[in-house]
Structure formats: structure tokens, C-alpha cells
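Just so you know, we're using the working numbering here: the first sequence kicks off at 2 and counts up by one.
Cβ atoms here follow ideal geometry from the backbone N, Cα and C, with glycine treated the same way.
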Amino acid sequence: MFRVRFAPSPTGYLHIGSARTFIFNWLFARRHDGTMILRIDDTDAGRNTQTSEDSIFDGLRWLGLDWDEQYRQSERLDLHATLASKIFEAGHAYRDFTPAEEAAEKAHATGAATWLCNPDMRELPREESDRRAAAGEPFVLRFRVPREPVRDITFTDEVYGAQSKSTADIEDFALLRSNGLPTYHMASCADDADLRISHIIRGQDHLTNTFKHILIFDALGATAPRFAHLPLLIAPDGAKLSKRKHGPVVSVTTYRDAGFLPEAYINFLCLLGWNPKDDREKMSINEIAAIFSFEGINRSNAVVNFSDEDPIDPKALWLNSQHLYALPVDTLASRLEPWAAGAGWSPAPGQLLQIAPLIRERMKTFRDFASVADFFFLEPLPPFDPAELVPQKGDTAMAAKVLERAKTVLAAAEFTHDGLDQALRAAAAEIGVKAGQMFQPIRVAACGRKVAPPLFETLAVLGRELTLVRLDRALAMLRS
RNA sequence: GGCGCUAUCGUCUAAGGGUUAGGACGGAGCCCUCUCAAGGCUCAAAUACGGGUUCGAAUCCCGUUAGCGCUACCA
Numbered sequence: 002m003f004r005v006r007f008a009p010s011p012t013g014y015l016h017i018g019s020a021r022t023f024i025f026n027w028l029f030a031r032r033h034d035g036t037m038i039l040r041i042d043d044t045d046a047g048r049n050t051q052t053s054e055d056s057i058f059d060g061l062r063w064l065g066l067d068w069d070e071q072y073r074q075s076e077r078l079d080l081h082a083t084l085a086s087k088i089f090e091a092g093h094a095y096r097d098f099t100p101a102e103e104a105a106e107k108a109h110a111t112g113a114a115t116w117l118c119n120p121d122m123r124e125l126p127r128e129e130s131d132r133r134a135a136a137g138e139p140f141v142l143r144f145r146v147p148r149e150p151v152r153d154i155t156f157t158d159e160v161y162g163a164q165s166k167s168t169a170d171i172e173d174f175a176l177l178r179s180n181g182l183p184t185y186h187m188a189s190c191a192d193d194a195d196l197r198i199s200h201i202i203r204g205q206d207h208l209t210n211t212f213k214h215i216l217i218f219d220a221l222g223a224t225a226p227r228f229a230h231l232p233l234l235i236a237p238d239g240a241k242l243s244k245r246k247h248g249p250v251v252s253v254t255t256y257r258d259a260g261f262l263p264e265a266y267i268n269f270l271c272l273l274g275w276n277p278k279d280d281r282e283k284m285s286i287n288e289i290a291a292i293f294s295f296e297g298i299n300r301s302n303a304v305v306n307f308s309d310e311d312p313i314d315p316k317a318l319w320l321n322s323q324h325l326y327a328l329p330v331d332t333l334a335s336r337l338e339p340w341a342a343g344a345g346w347s348p349a350p351g352q353l354l355q356i357a358p359l360i361r362e363r364m365k366t367f368r369d370f371a372s373v374a375d376f377f378f379l380e381p382l383p384p385f386d387p388a389e390l391v392p393q394k395g396d397t398a399m400a401a402k403v404l405e406r407a408k409t410v411l412a413a414a415e416f417t418h419d420g421l422d423q424a425l426r427a428a429a430a431e432i433g434v435k436a437g438q439m440f441q442p443i444r445v446a447a448c449g450r451k452v453a454p455p456l457f458e459t460l461a462v463l464g465r466e467l468t469l470v471r472l473d474r475a476l477a478m479l480r481s
């Protein structure tokens with residue numbers, strides 16, 4: 002039985018890289034009927050905030066992906082302490098009484114040179130260590146990285162393959178801070194062992210940490226899980242995505258607020274660093290879950306292609322439009338409701354159902370809804386330049402003639418696609434203008450602009466009464 | 001600095017010894033067409049560099065360069 006976990010630390014909002022990590026874990030769990038665990042890694046009390054935790058849940062809720070078990074690291078401190086002392090008692094860790102300031106100074110003094118350990122502390126006799134601890138002297142518990150002799154720590158990453166690192170290059174890292182709280186390495190491994198995590202799927206920034214983690218699992222007498230590291234998401238400038246430097250593009254809420262379909266956004270994220278090995282692009286999460294495997298994950302970082310002018314990756318936009326188009330009309334209509342309300346409109350029952358098919362291929366995201374569908378809801382129309390009413394290769398007189406003729410024809414025509422098609426084409430022929438010259442003034446009169454959905458369907462939805470009112474108003478504009 | 005990882009069109013990627021190096025987004029053009037979209041077709045666009053191994057290298061090896069990561073009592 003496979004068990005995986007997503008372990009965010011609540012120190013910001015849900016980052017898109019974190020969201021992707023969650024998704025890949027979820028995919029792996031669902032693919033293998035495994036268990037998906039959400040664990041809040043909140044051992045750094047100083048940096049955690051409730052707001053951040055809320056925004057992580059908000060983000061996950063929007064994505065619509067579930068999990069099976071949930072834990073909070075701060076509620077498991079006893080376990081961490083117990084396992085840390087187990088490591089200490091087994092001789093795999095020692096107390097380092099060096100004051101924090103002094104340690105920082107020392108690290109500074111050596112420049113950026115590799116710091117391995119403080120031999121004085123590492124070799125401190127147990128009796129003295131016990132005595133000083135009993136006297137209340139603060140200490141950091143450090144892992145005693147085996148180095149006599151030096152040996153290689155190895156593991157096989159599911160994505161990156163065979164990995165190896167010499168213990169000569171691993172410093173004696175901290176397990177417990179001087180305030181008694183576990184470090185990330187300690188808490189994470191203790192929980193992973195206790196929760197019997199079978200696969201750790203996380204960002205590649207943890208690849209080198211894995212050697213330390215294997216050391217901890219060994220010291221604990223636990224079998225290390227399998228590891229799968231994911232290539233990172235980076236900015237176009239090659240830097241790691243950060244809020245400070247790149248702004249809101251790194252938050253999933255940006256995409257939610259931009260009117261993305263969560264399923265499309267998930268699709269987009271999946272295609273960053275993973276591919277199905279065929280040419281499929283638009284896929285549902287379930288389609289992906291059915292074929293997901295580590296083999297499809299590549300090893301180089303992926304750029305999220307945003308810019309100052311456009312904070313959204315064009316491919317994400319395209320994928321969203323594909324998902325939008327694939328939505329059944331009634332589903333689309335109901336998804337449109339909040340956006341109509343957000344624009345301040347109150348659609349009549351069934352109105353969105355009529356509008357949806359006319360605008361579905363004209364929206365990249367829901368945010369386009371307001372600008373694409375406004376004329377269905379605004380009455381009267383916002384002011385527009387009467388010159389817009391003039392057709393190609395025509396003049397004001399032609400516009401007026403067209404609108405006059407349209408009035409009489411539309412007063413009688415059947416308001417369906419075919420009825421309007423026949424009536425208006427016949428009218429154009431009668432007054433000697435081209436079809437396009439006939440349609441354009443009517444479109445502008447009815448929609449308030451030149452760019453709109455196809456005329457016949459649009460008029461059919463608008464209805465005879467409103468159409469005639471707008472034709473009259475346009476005619477009046479022309480005459481004034 | 002040390003250690004680790006990575007390197008195919010602008011971007012996401014396919015091709016794991018033999019291909020005119022394929023697809024997608026974006027860009028350009030054409031077609032379709034009542035405008036705009038959508039759709040169809042076409043074009044431009046890549047194996048970082050240098051050495052090997054091999055009959056043959058994007059693919060394997062070494063080096064260089066570049067990027068990223070780790071090097072905290074952050075995660």
C-alpha cells in the first residue's frame with residue numbers, strides 16, 4: 002500500500018510549485034490506490050501564520066483535490082523528541098553547546114567554505130555532555146555524520162536515478178534546536194517514518210537533503226522511503242519563483258481570480274515537468290491519473306512563461322480555452338453564474354444557457370465573460386461612436402438605409418438563426434448592399450461594437466423587442 | 001568556495017546510437033467567413049561549447065561553460 006504526503010509549511014500562500022507537488026503526489030496516490038496525506042509542517046513557530054494556512058487550504062479547495070489523512074507537525078512534537086533522543090542514545094547524535102552567535106561567527110569566519118563539524122563538541126565525553134545539559138546549558142542536538150572512515154551515501158531517485166554523496170561532504174546538521182524544537186530534517190523524517198510514508202515526492206531543492214534524511218532513517222532503524230524529486234518551476238529569468246521578486250504570479254489564487262478552470266490549471270501544471278509520451282495536451286486529472294508515472298517526469302527545471310505585460314503563461318490560457326470549450330453547455334452556464342453576479346448582472350432564468358454557446362470560444366478565461374457578454378445585460382448600451390455604424394465602403398446614408406430597412410424586416414421576421422439569415426440577406430439584396438454591409442450596422446446597433454458573436458444567433462437571444470429598440474436608438478444617433 | 005543536479009526551437013516538450021530532430025503554445029502568412037473568435041493549411045524557429053567512444057552520437061564517456069539547488073538552531 003503506497004502512502005504519500007504533501008507537507009507545506011504555512012509561511013506564505015499556496016505557491017504554484019507547491020500546488021504542483023501536491024498534484025503529483027495526488028496523482029501517484031490515485032494511480033496506485035494509495036493514501037494521500039496532508040501534513041502541515043509548522044515547526045517554525047516564528048514564521049507560521051494562520052493567514053498562510055488558510056490560503057493554503059483555500060488554494061487546495063479551489064483545485065478540488067482531496068486527501069485521505071491530515072496531520073499537523075506541531076501536534077507531534079513528542080514523537081519528534083522521542084525519536085531524537087533515540088538517535089542520541091544510539092550514539093548517532095551529540096550535544097553541541099556552542100552558543101548560536103558564536104556558531105554564526107565561526108561559519109562566517111570560514112567564509113563560504115564547507116563547515117563540517119566542531120570536533121570539540123562532537124568528541125565531548127558523554128559525562129561532561131550530560132553534566133552541562135543537566136546544568137541547563139542550552140545545546141543543539143547534531144547528527145554525528147559517520148566519517149571515519151568516510152563513506153558514500155547512495156539511493157536511487159525515481160526521477161533522477163542513482164545518487165551518491167560522500168559523508169565527507171555532509172555537515173553535522175542539527176536535529177533539535179536549542180529551544181528543544183525539532184528542525185525540519187528531524188521532524189520530517191520522524192513523521193515520514195511514523196506515518197509509514199512509502200514515497201516522498203517533493204521538489205528537487207530537497208535532492209541534496211535526501212542524503213541527510215537517509216542518515217536519519219538509518220539511525221532510526223527505519224527503512225527509508227523511495228524518493229522522487231521533481232524539477233523546479235522557475236521564472237523566465239531563470240530564478241526560483243518568489244513573491245518578492247515575481248509578485249502574484251507565484252500564487253494559485255492569481256489563476257483562480259483570473260477566471261481559470263481548476264481542471265485546466267491542473268492540466269497546465271502537470272505539463273510542466275511531466276508528459277504523457279504521446280502528443281496529448283488537453284487532459285482531465287482523471288485521464289492523467291490513469292497513466293501517471295515517474296518515467297514521464299523529466300529532470301530539468303521548467304520555466305513558467307510570464308512577463309510584466311502578461312502575468313499568465315500563454316499556454317495556460319490556451320489550455321483553459323480548450324477546457325472551456327469542452328464543457329457541456331449547461332455546466333458552462335452554471336459556472337458563469339458567479340461571474341455574471343460579479344459583473345453586477347442578474348441573468349434571467351435560462352439566459353446564460355442561451356448565451357453560453359455564443360461566447361464559449363470567445364473567452365480564454367471567465368474573466369473575459371464581462372467584456373464578451375456585456376451587451377446581453379446592459380440596457381441601454383454604453384455610449385459608442387456613431388461612426389461605428391457605418392459599414393465598410395459605405396457612408397452614413399448607407400448605415401441609415403440599412404437600419405431603416407432592418408427595422409421593417411425585423412419587425413416581421415422569425416427570430417431564429419435561419420429566419421434572420423433569410424430575411425436579412427434578402428433585405429440586403431433588395432436595397433443593393435452586400436451582406437456584410439447589411440450586417441455590420443445592425444451588429445453595432447444591437448451590440449454597441451463591431452466585434453461580437455455571430456449576428457443571427459445574437460439577435461435571436463436578444464429578441465425582437467430589444468433589437469428594435471436598439472435599432473431606433475442607433476438611427477437617432479445617426480441623425481443627430 | 002565545496003558538494004549535488006541540469007542543459008533540444010522564445011516557452012512546454014518528443015526522439016533513451018541510424019528520423020528531412022516530431023508535437024504544442026506563442027509569432028508570421030493563407031484558407032474558411034456577416035465582425036471577432038474557433039477551425040484548417042503553410043512558414044520561420046532548437047540539439048550550449050570542445051574533445052572522445054562508434055561504421056554512425058541530441059542520445060554513451062570526459063572536460064568547459066552556464067543555470068539551479070544544498071551548504072541555517074528555514075522549510
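Going by beta carbon distance, what residues of the same chain come within less than 8 Å of Thr494, once the five residues before and after it are set aside? Only positions 2 to 481 of the chain appear in the structure, and residue 494 is not among them; the question remains open.
Within 8 Å, strictly: CB atoms of Ile440 and Leu460: Note that residue 440 is Phe in the sequence shown, not Ile. No.
Enumerate, from N- to C-terminal direction, the unbroken alpha helix (DSSP H) stretches of 4 or more residues contained entirely within the segment 189–253. At a cut-off of 4 residues, the continuous stretches assigned as alpha helix (DSSP H) that sit fully inside the segment 189–253 are 210–221, 244–247.
Going by Cα to Cα distance, which pick from Arg197, Asp97, Ile17 is closest to Val5? The candidate whose alpha carbon is nearest that of Val5 is Arg197.
Ignoring anything shorter than 3 residues or poking outside the segment 3–30, list the beta strand (DSSP E) runs there in chain order. 4–7
State buried or exposed for Gly274, treating a residue as buried only when at least 16 other CB atoms are found within 10 Å of its CB. buried
The segment 322–338 / the segment 66–73 touching (three or more Cβ pairs under 8 Å): no
Distance CB(Gly12)-CB(Arg48) smaller than 8 Å: Contrary to the premise, residue 12 reads as Thr rather than Gly in this sequence. In this structure, Arg48 lies closer than 8 Å to Thr12 by Cβ.
Name, in chain order, the residues that DSSP records as bridge partners for Val151. Arg148
Please state the DSSP three-state secondary structure of Pro455. coil
According to the neighbour-count rule (16 or more other Cβ atoms, all chains shown, within 10 Å of its Cβ), is Lys213 buried or exposed? buried
Within 8 Å, strictly: CB atoms of His230 and Val160: Contact flag set, yes.
For the beta strand (DSSP E) holding Tyr161, just list the boundary residues, first then last. Unbroken run through Tyr161: none, as it is neither H nor E.
Do Val250 and Phe295 have their C-beta atoms within less than 8 Å of each other? no
Other residues of its chain near Ala436: CB distance less than 7 Å, five sequence neighbours each side excluded: Arg426, Ala429
Own chain residues within Cβ distance below 7 Å of Arg465, not counting five before or after: Leu411, Phe416
In three-state DSSP terms, what is Thr52? helix
In this structure, what does DSSP give as the bridge partners for Gln441? The partner list for Gln441 (beta bridge, DSSP) is empty, contrary to what the question assumes.
Tell me whether Pro454 is buried or exposed, calling it buried when 16 or more other Cβ atoms sit within 10 Å of its Cβ. So Pro454 counts as buried.
Comparing C-alpha positions only, which one of Lys402, Ala290, Ile313, Ala265 sits nearest to Gln323? Ala265
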